[in-house]
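Each residue of the sequence shown is one higher than the one before, starting from 105 at the first, in the working numbering.
Virtual Cβ for every residue (Gly too), placed ideally from N, Cα, C.
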Amino acid sequence: MSQKAEIRRYLEKGKTLTPMQALGLFGCFRLSARIKELREDGHSVITRIVTTKSGKRIAEYRMPLFNLTCSVCGQEFRSDVTGVAPELCGKCFQS
């Protein structure tokens, strides 16, 4: 299984992931590149900047909680919000 697929499955479980965790869990040195690929594939990934105990600021990624279907193209996507009309995937929202 590819790193991208492993990371997607991990995030779909509702877990958060930092670059150091991705290195340890998946041997992934470029988590931001895998996240970009997931977004290009139409997946919604939320980025939050967190501060470590040592004071460093790093990215922490997660996927939204709800599975929805885009009202324009029919593609399934994930969101933290439901019941917002119309429900649009990232690609349709940007166009």
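Item	Value
Range of the contiguous alpha helix (DSSP H) that encloses residue 138	135-144
Three or more C-beta pairs below 8 Å linking the stretch 129-139 and the stretch 166-186	no
Outcome for residue 162 when other beta-carbon atoms lying within 10 angstroms are tallied against a minimum of 16	exposed
CB contact flag (residue 166, residue 153, <7 Å)	no
Cut-off 7 Å between Cβ atoms - residues of its own chain near residue 146, not counting five sequence neighbours on either side	179, 181, 193, 194, 195
Residue(s) in a DSSP beta bridge with residue 113	Bridge partners of residue 113: none, in fact.
Which residues DSSP lists as bridging residue 121, in chain order	165
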